[in-house]
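Written below as structure tokens is the structure these notes are about.
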Amino acid sequence: MERVQWQRTRDVLISILCVGVILWALWNVFGQFVEAIVVLLLAMAVAFLLTPAVNLLVKGGFSRLLAALLAYVLVLGAITGLAYELIVSLAQQVNFFSTTIVNFATTLPTTYAKTLDFLNDQVGKENVTLAVNQIQQQVYSFAQSLAGNVLLLATNALNLFLNILLIVVISFYLTLDGKRIRNSLVGIAPKNWLPNVLLFENALSRVVGNYIRGQLTLALIVGVCTSLICLVANLGRYALICGVLAFVFETIPIIGPALASITPILLSLLLGGNDVIQRTLLIVVLFIVLQGLESNVLGPRIVGHAVGLHPVAAILALLIGAKLFGVFGALIATPLVAAGWVVITSIYHSARGVSADQVLARRRAPWRLRRARSESFRRERGRIRFPSRFSSARRAANEAAVEFSPPVDTVPRPESSETTDGHS
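Take the sequence shown: its letter number 96 is residue 88 in our numbering, and every next letter is one higher.
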């Protein structure tokens, strides 16, 4: 018995080691094609989000091609409408902001002269002149570097546009022929590997879908909180644009929350006023609190719970992924670790004699599992009543005994009243 247990433990350790080596090799190989992998993963995410709508249209009588075209047209139309409303609101706010900049530029010489006189009296004219010259040199060098990078910025903008176009095209084909591609890939696997392949597909689909939904939920919460912070800090004119930017930035791990806080802080400083210091400090404090909650409470709880990871495991996966591959590593680390954990636990169950089919049968949605358990409990409660003095073990034994009927010859058959009356 001990030998069999040792063999199973050895198989589990070898399997975990092999999975770790494979993941390490994949990290090193995929690190050379980060941009292409990002485009493919984003296209898969878009296709994953739109496939349920396409399937619903197909059930309504549309062809697959027409359903996919209609879904993409509706989504692109909705995005275009939101972008138009956002641009109109942004144009109004930019107009107000430009007026503020003009007023600031008008009062800048007077403010500069007063500040210079104050510094001359406190520090000394020579030191102030030296500091001003150094600042001017740094600003000049920054302007030169910015002008030299105009071509690079234009190239990056064109590359971004092409990547977005590629994401739309690839996701459209994945939505259209995703099932055929999936069947072709599954058909390559040997028959004896088929349950394990289906297990990995099930785990990956569940984890990725939950991760996307969790990330969007977290981004929505941060966007709404950013708008509320702007309202509290008397930046109501910019609440919409700051909230939308925070929603977009929150999808970027590690640096996203910091980028979301930069816009309101800069707006508060540029708007000026008598309470500029108090307002800016209030915004900084509120964003520190929000980022602390997002990084240590909301993010691990929402995203980690969505993919089935403990919050500590989700934080460690995020940090390790960011350390190895930067922002891209932080983006895919959590779903990869969650999927790998599902596969490792499945290998462990398989080493203990549980087949992949049984593991697949047990991987159901939590709400369905709770509903099935509640229905089963109601049925069992209607069939048998347990005294309160029964322990949990005796209750479980009685529940198991209910499933089996005793032999027919051992069950006494009570006579009916008519038979009894007839004999009497």
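We put the beta carbon where it would ideally sit given N, CA and C, even for glycine.
The structure presented is a predicted model; accordingly, all values stated were derived computationally and were not measured.
Contact between the region 221 to 234 and the region 306 to 314 is absent, with fewer than three C-beta pairs closer than 8 Å. Around residue 248, the same chain offers 241 and 242 as residues with beta carbons nearer than 8 Å, after the five sequence neighbours per side are excluded. For residue 249, the enclosing alpha helix (DSSP H) covers residues 248 to 263. Contact between residue 237 and residue 252 holds: their C-beta atoms lie close to 7 Å from each other, under 8 Å. The residue from 270, 149 and 330 with its alpha-carbon nearest to that of residue 203 is 330. Non-local C-beta neighbours of residue 121 in its own chain, meaning closer than 6 Å and more than five positions away in sequence, are absent.
Out of 263, 217 and 259, the CA that lies nearest to the CA of residue 282 is found in 217.
Per the C-alpha coordinates, the member of 261, 207 and 201 positioned closest to residue 225 is 261. For residue 162, the three-state secondary structure derived from DSSP is helix.
Residue 190 places its beta carbon 7 Å or farther from that of residue 227.
Comparing alpha-carbon positions, the option among 38, 7 and 63 lying closest to residue 50 turns out to be 63.
When DSSP states are grouped into helix, strand and coil, residue 267 belongs to the coil group. Note that the C-beta distance between residue 278 and residue 324 is not below 7 Å.
Between the alpha carbons of residue 276 and residue 250 lies a distance of about 11 Å. In the three-state reduction of the DSSP assignment, residue 225 falls in the coil class. With fewer than 16 neighbouring CB atoms inside 10 Å of its own CB, residue 177 falls in the exposed class. CA-CA distance, residue 9 to residue 336, rounds to 10 Å. At least 7 Å separates the beta-carbon of residue 35 from that of residue 167.
Close CB contacts of residue 56 within its chain, under the 8 Å cut and outside five residues either way in sequence, are with 46, 50 and 168 (chain order).
Of all alpha-carbon atoms in 69, 265 and 293, the one lying nearest the alpha-carbon of residue 209 is that of 293. Rounded to the nearest whole angstrom, the CA to CA distance from residue 157 to residue 126 is 45 Å. Rounded to the nearest whole angstrom, the C-alpha separation of residue 188 and residue 229 is 55 Å. Remark: C-beta atoms of residue 206 and residue 295 approach each other more closely than 7 Å. If you draw a straight line from the Cα of residue 302 to the Cα of residue 326, it is about 11 Å long.
A residue is called buried once 16 or more other Cβ atoms fall within 10 Å of its Cβ, and residue 304, having fewer, is exposed. Taking a C-beta distance under 7 Å as the contact criterion, residue 239 and residue 215 qualify as a contact pair.
Under the three-state reduction of DSSP output, residue 107 falls in the helix class. From the listed residues 27, 67 and 43, the smallest Cα separation to residue 148 is found for 27. In the same chain as residue 76, and ignoring 5 residues on each side of it, no C-beta atom comes closer than 6 Å to its own.
Within the model, the alpha-carbon separation for residue 37 versus residue 164 is close to 11 Å. Contact check for residue 31 against residue 159 passes: the beta carbons are separated by less than 7 Å. Excluding five sequence positions before and after residue 155, the CB atoms of its chain that fall closer than 6 Å to its own CB belong to 31, given in chain order.
For residue 290, there is no enclosing alpha helix (DSSP H), since its DSSP letter is neither H nor E. The alpha-carbon separation between residue 257 and residue 291 amounts to approximately 23 Å.
In the structure shown, the three-state DSSP call for residue 54 is coil.
Where residue 238 is concerned, the enclosing alpha helix (DSSP H) starts and stops at 231 to 242.
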